[in-house]
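Numbering (full-length UniProt numbering), first residue to last: 1 to 79.
Think of the CB as a built atom: it goes at the ideal place given N, C-alpha and C, for glycine as much as any other residue.
Here's the structure, in C-alpha cells; my notes come after.
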Amino acid sequence: MLSEKNQTPENRMAALLRGVRAEAGLKQTELGALIGVDLRTPPVGQKTISRWESDGTVPGCYLGAIARVCRVDVGRLLV
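Shown next, in the form of C-alpha cells:
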C-alpha cells in the first residue's frame, strides 16, 4: 500500500484501474477490446492499458466505458 505521502492522483488512479479490472476478472487485452466495443472504436491496445495501470494517466473520456465494462459505479474511478 502506498503511504499517504506518496498517494498522488496518478498513483490512486493506477491502483483503482488495476483493482476494478481485477474485480471484473478481465485481462488487459479483454478490457481494451470491451472498451472499444462500448465506445464503438477500435480496441484500446494492451500496451495502452498497461501504461494507464502503471502511470495512472487514463484519459477522462474512457472512464465511463471502463466503469460500464467492469460493472462498477463511475464515481469509484473519480480521483
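The beta carbon of residue 9 is closer than 8 angstroms to those of 56, 79 in its chain, skipping five residues each way along the sequence.
The Cβ atoms of residue 49 and residue 20 lie no closer than 8 angstroms to each other.
Spatial neighbours of residue 54 in its own chain (CB-CB distance under 7 angstroms, excluding positions within 5 residues in sequence) are listed in chain order as 14. Pairing residue 30 with residue 7, the inter-Cα distance amounts to about 28 angstroms.
Exposed is the label assigned to residue 61, since fewer than 16 other Cβ atoms lie within 10 Å of its Cβ.
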